[in-house]
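Worksheet for the structure shown next.
Structure representation (structure tokens):
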């Protein structure tokens, strides 16, 4: 049959129309049931550093799982919109606090309360995944948002604020950077606030009450926190407010800094940079010894969930079942140097063994995740950064409170 | 007559695309700006002009972002235009060396914003960075800075990175403009005894006026829409010293306040329209 230009145009128009209609089908449109139920499920998370360990677990399990990984800050910003479409994140993870609450509110999390896998977790460590009496997610990682200490350089553990400052002075006297702090990295700069707040705050939930207006950034207890940041400023590395996470990590890993003010989730990063010194956790006790309620801070995060909008919920739950198996959770924990909330896991990683005593210490749930409004959280955390940058605590607190009043 | 009417049908596909991908979303944006919609709930409340009023009168974060954006715009428009013109004047002559140098200065333009952000993050790092190392090497260690960590000047350092990123692109526009200038004009200027500066001032500068208008207009839009470079350098969300309008809107959207983000977008568009209008007026005044 001869092909005229007109026939070619008809063909092109028909193909274009078909493509257009197919594109319009998208999420929410009718779809081919075989493609909906076939193929790998999408596992959405932000831990690029855990990719290889997850790949190993996927391979061993024989399940068809594809990892959809975004950088943590992007994940915080965009995961909800991506997951609610149902094409990404059949199984997904959420940060504790604002993101988990938003996802729960959007009705994306499947209720796992009656599922057998819930029994495999330590009950007191998965409360962050519950909402309105339902277990909507399972916090998987147990991390300590408590500064890391190089035990070759930091041999003592001060029990009060004055002792902590004396330790920093000693380190500085030796020509070391006492604390490496990534003040230029919004996500990690705020980790230090956790330990600075827990013993200063009148109650465990006071930081979160700033958002509701029941507490203020200008309250005496928070001004104390800011004044202590002012005292810490000379002990941070040069240009602390402009230092990124990688640079702070490098300072610590190279043995140039005594403490790294982030948390246990960076232990594997420190090791990857070649550090061989013993690592411990050391929180500044911001009060006198007798008034200190906590020795450090922990967080139960990386909250696993099954997407209620997914057409592959059974497969997604099978993946969560797999991750909840103590042996598999052990592979994840030892492979990533992070504790998990699953019961009966055997830790063989030397760093996890070394930090195991912290599992039974008096630690508080990380307060910075009490905020549900990210602008409010940013304003409060930035007040501390501003103080280190030279602003007076009173001025920084007033500026932050103004933003809180506008945004709450 | 009938056949000429049928010609209008040819515009229909374009109109459908324009309506579907521009007019409809713009109208939806206006609608959302009057609501408290979070971006996913099935219901929302109408709040009238409250969002717009708040954005304009009661939002320090937005005000900081606007101020930063204007500072960024000013530095980038002046710096990038001046540098691009300087490079174009120096490299307009056709020689092997200038071709290589043009390619060299154009090179950053083809990099992705994320790569550029990584490069400049390394340059600005206070402890391991190139900038402080250079200062120390030449005995100017007292001028070491925390760069992006300095709340009042951070945005200016980002502007420097932006200028490095795009000056080469604008240089090409200027070179095209300079190459259009007839040699006779320079010959006449030389005959009148004009030196190089006078030739530039009385021949090159007036003759590249159309290119300057284009460069300034493009750079202005580019500066307002700077987003990925800022996020790459400052992290997400950026601190108020590095926040600009585009990143502020993104943060509000990420904070599940779609209605408020839509209101911010409207003010953002108005700001771009106002600056562009003022620039056009200024260009008309300068170039006649």
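Chains as they are written, first to last, in my numbering: chain F, 258 to 665; chain P, 200 to 487.
Every residue, glycine too, gets a C-beta built ideally from N, C-alpha and C.
In this text, all values refer to a predicted model and were calculated from it rather than measured experimentally.
Tell me which residues share the same chain as residue i and place their Cβ nearer than 6 Å to its Cβ, disregarding the 5 neighbours each side in the sequence.
| i | result |
| --- | --- |
| residue 719 of chain F | As shown, chain F starts at 258 and ends at 665. That puts residue 719 of chain F outside it, with no answer to give. |
| residue 532 of chain F | 510 |
| residue 339 of chain F | 345 |
| residue 546 of chain F | 416 and 417 |
| residue 298 of chain P | none |
| residue 452 of chain P | 460 |
| residue 360 of chain P | 319 |
| residue 457 of chain F | 478, 481, 482 and 543 |
Interface residues of chain F around residue i at Cβ under 7 Å?
| i | result |
| --- | --- |
| residue 217 of chain P | Within chain F, no residue comes near residue 217 of chain P; the closest Cβ sits about 16 Å away, beyond 7 Å. |
| residue 439 of chain P | 639 |
| residue 235 of chain P | Going along chain F, no residue has its Cβ under 7 Å from residue 235 of chain P, so there is no contact; the nearest lies around 14 Å. |
| residue 259 of chain P | 659, 660 and 663 |
Using a Cβ-Cβ cut-off of 7 Å (strictly less than) and excluding sequence neighbours within five positions of residue i, which residues of its own chain qualify?
| i | result |
| --- | --- |
| residue 402 of chain P | 380, 384, 385 and 388 |
| residue 399 of chain F | 382, 555, 557, 596, 597 and 598 |
| residue 575 of chain F | 320 |
| residue 263 of chain P | 439 and 442 |
Quick check on residue i: buried or exposed, where buried means 16 or more other Cβ atoms within 10 Å of its Cβ?
| i | result |
| --- | --- |
| residue 342 of chain P | exposed |
| residue 499 of chain F | buried |
| residue 400 of chain P | exposed |
| residue 480 of chain P | exposed |
| residue 207 of chain P | exposed |
| residue 638 of chain F | buried |
| residue 359 of chain F | buried |
| residue 315 of chain P | buried |
| residue 552 of chain F | buried |
| residue 526 of chain F | buried |
| residue 488 of chain F | exposed |
| residue 377 of chain F | buried |
| residue 603 of chain F | exposed |
| residue 317 of chain F | exposed |
| residue 631 of chain F | buried |
What separation, rounded to the nearest whole angstrom, lies between the Cα atoms of residue i and residue j?
| i | j | result |
| --- | --- | --- |
| residue 320 of chain P | residue 483 of chain F | 28 Å |
| residue 366 of chain F | residue 564 of chain F | 5 Å |
| residue 217 of chain P | residue 416 of chain P | 23 Å |
| residue 331 of chain P | residue 347 of chain P | 13 Å |
| residue 643 of chain F | residue 653 of chain F | 6 Å |
| residue 664 of chain F | residue 329 of chain F | 24 Å |
| residue 515 of chain F | residue 437 of chain P | 28 Å |
| residue 226 of chain P | residue 461 of chain P | 11 Å |
| residue 290 of chain F | residue 569 of chain F | Its pLDDT being 31, under 50, residue 290 of chain F is placed unreliably in this model, and the value from its coordinates should be taken loosely. About 11 Å. |
| residue 421 of chain F | residue 427 of chain F | 10 Å |
| residue 471 of chain P | residue 363 of chain F | 34 Å |
| residue 550 of chain F | residue 392 of chain F | 29 Å |
| residue 289 of chain P | residue 501 of chain F | 38 Å |
| residue 427 of chain P | residue 401 of chain F | 31 Å |
| residue 450 of chain P | residue 241 of chain P | 22 Å |
| residue 350 of chain P | residue 541 of chain F | 27 Å |
| residue 633 of chain F | residue 625 of chain F | 11 Å |
| residue 661 of chain F | residue 348 of chain F | 34 Å |
| residue 311 of chain F | residue 589 of chain F | 7 Å |
| residue 442 of chain F | residue 354 of chain F | 19 Å |
| residue 256 of chain P | residue 386 of chain F | 38 Å |
| residue 455 of chain P | residue 464 of chain P | 15 Å |
| residue 223 of chain P | residue 418 of chain P | 28 Å |
| residue 585 of chain F | residue 629 of chain F | 32 Å |
| residue 397 of chain P | residue 424 of chain P | 37 Å |
Can you name the residues of chain P whose CB is closer than 8 Å to the CB of residue i?
| i | result |
| --- | --- |
| residue 342 of chain F | None at all; the shortest Cβ gap to chain P is about 11 Å. |
| residue 500 of chain F | 324, 325, 326, 345 and 348 |
Cutting at 8 Å between CB atoms, please list the residues of its own chain near residue i, excluding the five before and the five after it.
| i | result |
| --- | --- |
| residue 326 of chain P | none |
| residue 447 of chain P | 260, 261, 264 and 463 |
| residue 215 of chain P | none |
| residue 308 of chain P | 364, 365, 367 and 368 |
Taking residue i as the query, report the chain F residues whose CB atoms sit under 9 Å from its CB, ordered along the chain.
| i | result |
| --- | --- |
| residue 450 of chain P | 334, 631, 632 and 635 |
| residue 231 of chain P | Here the premise fails: no neighbours, minimum Cβ distance about 14 Å. |
Is any heavy atom in the ligand ADP found nearer than 7 Å to the beta carbon of residue i?
| i | result |
| --- | --- |
| residue 415 of chain F | In the structure shown, the ligand ADP is absent, as is every other ligand, since no ligand is present at all. |
So residue i contacts chain F; which residues on that side make the cut at Cβ distance below 8 Å?
| i | result |
| --- | --- |
| residue 453 of chain P | 333, 334, 335 and 631 |
| residue 250 of chain P | Those do not exist, as residue 250 of chain P stays about 13 Å from chain F at its closest Cβ, beyond 8 Å. |
| residue 270 of chain P | Going along chain F, no residue has its Cβ under 8 Å from residue 270 of chain P, so there is no contact; the nearest lies around 18 Å. |
For residue i, go through chain P and note every residue whose CB falls closer than 7 Å to its CB, in chain order.
| i | result |
| --- | --- |
| residue 359 of chain F | 455 |
Please specify which runs of the alpha helix (DSSP H), each continuous and at least 4 residues long, are wholly inside the region 442-478 of chain P, giving them in chain order.
-> 444-453
Inside the region 290-341 of chain P only - alpha helix (DSSP H) runs reaching at least 4 residues = 295-305, 312-323 and 329-336
Quick one: complete alpha helix (DSSP H) runs, 4+ long, within the region 347-394 of chain F?
-> Segments of the alpha helix (DSSP H) lying fully in the region 347-394 of chain F: 355-362.
Output the residue ranges of the beta strand (DSSP E) runs that lie fully inside the region 589-647 of chain F and measure 3 residues or longer, sorted by chain position.
-> Here the runs fully enclosed are 620-622.
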